[in-house]
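Per the working numbering, the sequence shown starts with residue 1, numbered consecutively.
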Amino acid sequence: MSNIIPKLGNVDVHWYKLETDRPADPVQPEIHSDRNTSFAFPRLKECSLRGVYASENDLLRFVEAVRPVALTLKDVHLTSGTYTSLFEYLTAKDTPVRYICLDDIREGARLVHFNIPRRPKFRYSGGNMGPSTLVRDADRVKEAIRYRTTARRPMGSGEGGNVEFDPPTQARYDAVRLTWRRSAVGLDG
1 MSNIIPKLGN VDVHWYKLET DRPADPVQPE IHSDRNTSFA FPRLKECSLR GVYASENDLL
61 RFVEAVRPVA LTLKDVHLTS GTYTSLFEYL TAKDTPVRYI CLDDIREGAR LVHFNIPRRP
121 KFRYSGGNMG PSTLVRDADR VKEAIRYRTT ARRPMGSGEG GNVEFDPPTQ ARYDAVRLTW
181 RRSAVGLDG
């Protein structure tokens, strides 16, 4: 394995457990190192982590060790801590990171929303949050990443169970209109 690591160009880890409704069992990447050991991935250009569960410290140590030029985190769940230290690392001037894609990442059960002027994927009752996706490259990659989380559920997710029916089939809550986007081919009905 030590012969392969210096030659790696891409690392793409997907961890999804599809046979049950339960999320994947938590997986924490372990990097066995002491202060005198340095892992070198001199050719690593891209690192993608999808569906991975990790603590703040383990995720930060992993990213610091692999030192990617491009980093994608999708459906990554922090089991403890926040993304603050990782975001500080990613935006530091001395890191090799030149591209980041952060999509639907979570601190525990709370979805991360970025404080940028874009429309969110999900609407929330009582006001919208920022988008849950952030993509940056070139000069913008080193700008500070500001975000917030929410315990509120997107409209249509938990509220779908709140449908009231008048006999025989009249619904007072239109879950389809609240969760489907209008399209050119017409959901305008």
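Glycine is no exception: its CB is placed at the ideal position from the N, C-alpha and C atoms.
Would you list the one or two residues that DSSP bridges to residue i?
i    : result
V112 : T149
I105 : Answer is none; I105 lacks a bridge partner.
L78  : A54, E107
N128 : According to DSSP, which records beta bridges pairwise, N128 is partnered with nothing at all.
Should residue i be labelled buried (16 or more other beta-carbon atoms within 10 Å of its own) or exposed?
i    : result
S125 : exposed
R153 : exposed
D94  : exposed
Looking at C-alpha atoms only, which residue of the options is the closest neighbour of residue i?
i    : options                : result
K45  : D103, S55, A151, T72   : T72
P147 : P131, R136, R123, V141 : Note that residue 147 corresponds to Tyr in the displayed sequence, not to Pro. For Y147, the nearest C-alpha among the options comes from P131.
C47  : V13, S80, R61          : V13
G9   : D58, V66, T84          : V66
T149 : D104, L49, V112, K93   : V112
C101 : T82, V141, H77, E107   : V141
V135 : D75, F114, A151, E56   : F114
L49  : E64, E56, V76          : V76
R110 : M129, A92, V97, P96    : M129
K74  : I105, A151, G127       : I105
T82  : G51, A151, E107, V52   : E107
Pull up the distance between the alpha-carbon of residue i and that of residue j, whole angstroms please.
i    : j    : result
A138 : M155 : 35 angstroms
A144 : T133 : 15 angstroms
Y99  : V69  : 7 angstroms
A54  : F122 : 25 angstroms
L60  : D103 : 17 angstroms
S80  : V11  : 24 angstroms
D58  : W15  : 16 angstroms
N63  : E56  : Asn is not the amino acid found at residue 63; the sequence shown has Val there. Cα-Cα distance, rounded: 11 angstroms.
L51  : L78  : Checking the sequence shown, residue 51 turns out to be Gly, not Leu. Answer to the nearest angstrom: the Cα atoms are 11 angstroms apart.
A92  : G127 : 32 angstroms
query = Are the segment 88 to 95 and the segment 112 to 126 in contact at 8 angstroms, needing three or more beta carbon pairs?
reply = no
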